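Taken in sequence, the protein lines are chains A and B. For reference, each letter of the first sequence is one residue, going 1 to 114 in the working numbering. For reference, each letter of the second sequence is one residue, going 1001 to 1111 in the working numbering. Every residue gets a Cβ at the ideal spot worked out from N, C-alpha and C, and that includes glycine. These numbers were taken from a predicted model, which means no experiment stands behind them.
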Amino acid sequence: ETGVTQSPTHLIKTRGQQVTLRCSSQSGHNTVSWYQQALGQGPQFIFQYYREEENGRGNFPPRFSGLQFPNYSSELNVNALELDDSALYLCASSLSSGSPETQYFGPGTRLLVL
Amino acid sequence: RKEVEQDPGPFNVPEGATVAFNCTYSNSASQSFFWYRQDCRKEPKLLMSVYSSGNEDGRFTAQLNRASQYISLLIRDSKLSDSATYLCVVKGRNAGNMLTFGGGTRLMVKP
């Protein structure tokens, strides 16, 4: 196991609602990246946090926002949920902002928006 | 055009077969290249990095052609346990840990 945990494992919401997903990074890792993986597609980068600051963002609207806490755990918040937000949300933690070989993914949160 | 393109498959092969996957990327500034493996309903896991000189890890061989912006993965002597989706991944220069994934190629190895 990677030591990266995510909660909840599954979630069902309705359109317009808001959701918060959580990620605990591997001990000592200070960078967390979030990805969205729609069914049958590869993960898409949402954003990355490094030492509590956003450090890069993919092509996602502002209703996708995040936080990183002093213990380097992280939250992904999505407001005004849309049907297309249904996906597997993955977080990945790493030791620094430039070492993908040591980036480990959590098991993901499956979000279904009805 | 997607930044990283892969044939989605599925590739159905018998045990013991050799199978090759290809991937093309559009950003010539891409710096690092990887193959990830993703089992059904699981998270992606790093299979191997890909170097310009080519590299091998047991039954797996990865090649990179920067001129053609093309990456390949060869699996020899396929095992049932190799059945998974293989994701081609690139990272740009100064992109932190942002990884750009292809859509994945599904492999099914049959007895």
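Using a 10 angstroms sphere on the CB of Ala-87 (chain A), the tally of other CB atoms reaches 16 or more, which defines it as buried.
The DSSP-derived three-state label of Asp-1057 (chain B) is strand.
The beta-carbon separation of Leu-114 (chain A) and Thr-14 (chain A), rounded to 5 Å, stays under the 8 Å limit for a contact.
By alpha-carbon distance to Gly-1009 (chain B), the top candidate from B:Glu-1015, B:Phe-1021, B:Glu-1003, B:Lys-1002 is B:Phe-1021.
The count of Cβ pairs closer than 8 Å, one atom from the stretch 1034-1042 of chain B and one from the stretch 1002-1016 of chain B, stays below three, leaving the stretches out of contact.
At a cut-off of 7 Å between beta-carbon atoms, Phe-1033 (chain B) makes no contact with chain A. The beta strand (DSSP E) runs of length 3 or more contained entirely in the stretch 8-41 of chain A are, from start to end of the chain, 10-13, 19-24, 31-37. An exposed status is given to Tyr-1051 (chain B), since fewer than 16 other beta-carbon atoms sit within 10 Å of its beta-carbon. In the displayed model, Ser-1078 (chain B) falls within coil according to three-state DSSP, outside both helix and strand. Annotation for Ser-1049 (chain B): the continuous beta strand (DSSP E) segment containing it runs 1045-1050. A straight-line Cα-Cα distance of about 7 Å links Leu-67 (chain A) and Glu-52 (chain A).
Rounded to whole angstroms, the Cβ separation of Ala-92 (chain A) and Gly-16 (chain A) is 29 Å, and the two are not in contact under 8 Å. Taking the C-beta atoms as reference points, Val-4 (chain A) is found no nearer than 7 Å to Tyr-89 (chain A). Under the 7 Å criterion on CB atoms, Leu-1073 (chain B) is classed as non-interfacial with respect to chain A.
If you ignore the 5 residues before and after Ser-24 (chain A), its C-beta comes within less than 6 Å of the C-beta of Thr-5, Ser-73, all in its own chain and listed in chain order. With a cutoff of 7 Å on beta-carbon distance, Asn-77 (chain A) and Ser-65 (chain A) are scored as near each other. Using a Cβ-Cβ cut-off of 7 Å, Glu-1043 (chain B) counts as an interface residue toward chain A, since at least one Cβ of chain A sits closer than that to its own. One Cα belongs to Thr-2 (chain A), the other to Thr-102 (chain A), and the distance between them is close to 10 Å. The beta carbon of Leu-1074 (chain B) sits closer than 6 Å to the beta carbons of Ala-1020, Thr-1061 from its chain, once the five residues preceding and following it are set aside; these are given in chain order. By the rule that beta-carbons nearer than 7 Å mark a contact, Gln-26 (chain A) does not touch chain B. Lys-1091 (chain B) counts as buried, since at least 16 other C-beta atoms from the protein chains shown sit within 10 angstroms of its C-beta.
Put simply, the CB of Phe-1101 (chain B) is near chain A, with a gap under 7 Å to one of its CB atoms.
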